[in-house]
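Asker:
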Amino acid sequence: MSFPRAWINEIGQYEGQDVELRGWLDNRRSSGKLHFLQVRDGTGVIQCVMFKGDVSEALFQEADHLPQESAIKVRGSVRADARSPLGFELSVKDLEVVSRAEPDFPIGRKEHGVAFLMEKRHLWLRSSRQRVVMAVRHTIIKAIRDYFDGHGFRLTDAPIFTPAACEGTSTLFEVPYFEMGKAYLTQSGQLYGEAAAMAYGKVYTFGPTFRAEKSKTRRHLTEFWMVEPEVAFMDLDEDMDLAEDFLCFIAQRVLENHAKELASILERDVSKLETVKKPFPRITYDEAVKVLQAAGNPIKWGDDFGGDEETILCSQYDRPVMVHRYPADLKAFYFKHDPTNPKLALGVDVLAPEGYGEIIGGGQREESFDTLVARIEAHQLPREAFEWYLDLRRWGSVPHSGFGLGVERTVAWMCGLHHVRETIPFPRMMERLTP
Ligand code: 4AD
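In terms of this note's numbering, the sequence shown opens at residue 3 and continues consecutively.
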């Protein structure tokens, strides 16, 4: 018998027809003359019902002892069943064991601690929960590309090995680099994005970035993905307009594609994403400090916001909030200072609601050659490593701005996950390098 191969997420197309499913045994339960086999193929899970009389006695016995995660091909007819979560079941006519799993799959039905699950991440990815998280991650990455491609931005890949810091010297990963001695893993593609913006007008870089973060928080990874648009002749206000429009687009895409499974499998309250609509509130750092103090937080003007402050601030709004004009002392060397108050940097952080905190950091860049040279010195950065960057101010310097969105924090927010460790297939943190 040759049955056409079907995928579980498309099974509805085959109602009443015979198909072959190829996947893994996710779970099994029996009652007398019936086996209920939950089969997973990576796109979903379907219940396959095997009647004793429909298959040979030997096969019926084999199915009764098949360990979880055995790889199988199941052939049968697709039947609509309103009681099943999928809406369809398979009536089994034949089953072929491709590889019999060892008994005792480590991730069973019982609750496991996160430390254990992280250790078994390569197997944990098979769960329905992780399937949905990875599907949302995929959609977010696709939406990011579609947004910028659809708005005429040129994709420009930034290097991973870099000669100098972009985001402060305290979180650099150093690697040996031939006769030159050492290189650093990139913290951000921004400086290269700026060069590309002067060449192509509006650009984005998108790739993995690295920070030797010594903090063990729910928001920090040592390796994370960042998308960074950069636009020539764009000021801070226009930068905020772009960030706002972009985030609304992503949230809409996630809702269109995943509302049902977010709610049913991750128990995400998707109404919280429906409010991600323009306009987002825009408040200055000064105003944010007053909001925090009014909420009883001991923050003083000039202090940076930590996780606690971000949580309080973003919880005041039902959509992302943009906090702009931070004290310049808190910010990297490349920020343009506010001409009306040079103590302030023309930077913006976008904080996601529900306690998720900062997902975007960006701002307007310093375009003056002399000011930038002074800034590089004040930040004690090696000028030689930035000569190429200074060239951008020597030849045709213009006001320009951009931002960086962290993919993992965005996935955590959209999926309603407490910690970023579940938002990337194989997370890297201070204490985690395997699997
Ligand atoms: O605010 P950051 O440090 O900004 C930059 O790197 C700029 N060069 C971006 C630009 O203007 N082109 O980081 C931007 C975003 C953060 O808002 C956050 O979402 C994410 O990157 N991020 C991290 N995500 C996970 N783990 C970490 N350790 C992160 N550090 C930053």
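Backbone N, C-alpha and C define an ideal beta-carbon position, used for all residues, glycine too.
If we count the other Cβ atoms within 10 Å of its Cβ and call it buried at 16 or more, is LEU23 buried or exposed?
Answerer: Around the beta-carbon of LEU23, 16 or more other beta-carbon atoms lie within 10 Å, marking it buried.
Asker: Would GLY404 and GLU246 qualify as a contact pair, given that the criterion is a beta-carbon distance under 8 Å?
Answerer: no
Asker: Starting from MET136 and walking both ways along the alpha helix (DSSP H), at which residues does that stretch end?
Answerer: Boundaries of the alpha helix (DSSP H) harbouring MET136: 130-152, taken from the DSSP string.
Asker: According to DSSP, is ILE267 part of a helix, a strand, or is it coil?
Answerer: helix
Asker: What residues are listed by DSSP as bridge partners for TRP9?
Answerer: Its beta-bridge partners do not exist; DSSP assigns none.
Asker: Mind checking whether PRO105 and PRO69 have CB atoms under 8 Å apart?
Answerer: Their beta carbons are under 8 Å apart, which means PRO105 touches PRO69 by this criterion.
Asker: Evaluate contact between the stretch 264-274 and the stretch 215-232, counting only Cβ atoms and requiring at least three cross-stretch pairs below 8 Å.
Answerer: no
Asker: What are the start and end residues of each continuous alpha helix (DSSP H) run of 4 or more residues lying completely inside the stretch 37-105, in chain order?
Answerer: 59-66
Asker: Quick one: does the C-beta of VAL233 sit closer than 7 Å to a heavy atom of ligand 3?
Answerer: Looking for ligand 3 in the displayed structure turns up nothing; the ligands present are ligand 1.
Asker: I think VAL422 touches GLU410, with their Cβ atoms under 8 Å apart; what is that distance to the nearest whole Å?
Answerer: 4 Å
Asker: Thinking C-alpha only, which one of LEU435, TYR328, LYS204 and VAL272 is nearest ASN343?
Answerer: Residue nearest to ASN343 within the set LEU435, TYR328, LYS204 and VAL272 is TYR328 (criterion: CA-CA distance).
Asker: Evaluate SER190 with the Cβ neighbour count: other Cβ atoms within 10 Å of its Cβ, from every protein chain shown; 16 or more gives buried, anything less gives exposed.
Answerer: buried
Asker: Among HIS124, ILE143 and LYS333, which one has its Cα closest to the Cα of ASP351?
Answerer: LYS333
Asker: Would you call the CB atoms of ALA219 and GLY363 closer than 8 Å?
Answerer: In the sequence as presented, Ala is not what sits at residue 219; that position holds Thr. Against a cut-off of 8 Å, the Cβ pair of GLY363 and THR219 comes out as no contact.
Asker: Compute the Euclidean distance between the alpha carbons of PRO87 and ILE74, then round it to the nearest angstrom.
Answerer: 22 Å
Asker: Between which two residues does the alpha helix (DSSP H) holding ARG395 run?
Answerer: 389-396
Asker: Does ligand 1 have a heavy atom nearer than 7 Å to the CB of LEU407?
Answerer: Yes.
Asker: Drop a sphere of 10 angstroms on the beta-carbon of GLN19, count the other beta-carbons inside from all chains shown, and report buried for 16 or more, exposed for fewer.
Answerer: exposed
Asker: Between the C-alpha atoms of MET136 and ARG396, what's the straight-line distance to the nearest angstrom?
Answerer: 44 Å
Asker: Straight-line CA distance for LYS307 to ASN299?
Answerer: The sequence shown places Phe at residue 307, rather than the Lys named in the question. In a straight line, the C-alpha of PHE307 is about 11 Å away from that of ASN299.
Asker: Once you ignore the five residues that flank LEU394 on each side, which residues in its own chain have a CB closer than 8 Å to its CB?
Answerer: Same-chain partners within the cutoff: GLU196, ALA197 and MET200.
Asker: Report the residue from TRP26, ASP151, LYS274 and LYS216 whose alpha carbon sits nearest the alpha carbon of ARG102.
Answerer: TRP26
Asker: Could you give the first and the last residue of the continuous alpha helix (DSSP H) run that contains GLU276?
Answerer: 273-276
Asker: List the whole-angstrom C-beta distance separating VAL138 from VAL413, where the pair is believed to meet the contact cut-off of C-beta under 8 Å.
Answerer: 6 Å
Asker: Anyone know if the C-beta pair for THR188 and THR158 falls short of 8 Å?
Answerer: No, they are not a contact pair.
Asker: Starting from the C-beta of GLY357, find all residues in its chain whose C-beta is less than 6 Å away, skip the five residues before and the five after it, and write them out in chain order.
Answerer: THR313 and SER317
Asker: Taking only runs of the beta strand (DSSP E) that begin and end inside the stretch 205-252, which ones reach a length of at least 3 residues, in chain order?
Answerer: List check, beta strand (DSSP E) in window: 225-234.
Asker: Would you say the stretch 141-148 touches the stretch 246-260, given that touching needs at least three Cβ pairs under 8 Å?
Answerer: Here the stretch 141-148 lies against the stretch 246-260, with 3 or more beta-carbon pairs under 8 Å apart.
Asker: Along the beta strand (DSSP E) that carries GLY349, what are the first and last residues, could you check?
Answerer: 343-354
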